[in-house]
Amino acid sequence: MSSAPPPPSGPFLSLHTALVLLTAAVIGLVVAGLTFLTGTSAAGAVLTGLISAGGSVPVLRTLIG
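Take the sequence shown: its letter number 22 is residue 21 in numbering that gives the first Met the number 0, and every next letter is one higher.
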């Protein structure tokens with residue numbers, strides 16, 4: 000006899016968290032792309048994109064609420 004699996008407890012990420020992280024990723028990609036187009040190396044552009052994405056998370060968390 001097999002028992003039924005327990006029902007799911009809820010979503011893995013809330014809608015708010017998913018929206019904040021997705022928006023931060025888009026901001027990071029845009030900033031990295033624009034930085035790369037100015038003539039900066041790819042490594043510098045990636046680092047700039049990561050920093051801008053990470054810095055935008057707390058701001059987006061308070062703005063999207």
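Using N, Cα and C, we set each Cβ at its ideal position, and we do this for glycine too.
Counting along the chain, the unbroken alpha helix (DSSP H) around Ile26 starts and ends at 14–36. Closest option to Val29, judged by alpha-carbon separation, among Pro5, Leu12, Ser13, Ser55: Ser55. Close CB contacts of Leu49 within its chain, under the 7 angstroms cut and outside five residues either way in sequence, are with Gly27 (chain order). Excluding its 5 nearest sequence neighbours in each direction, Ile63 has C-beta neighbours in its own chain below 7 angstroms: His15, Leu18, Val19, listed in chain order. Cβ atoms of Ala23 and Leu59 come within 8 angstroms of each other, at about 6 angstroms.
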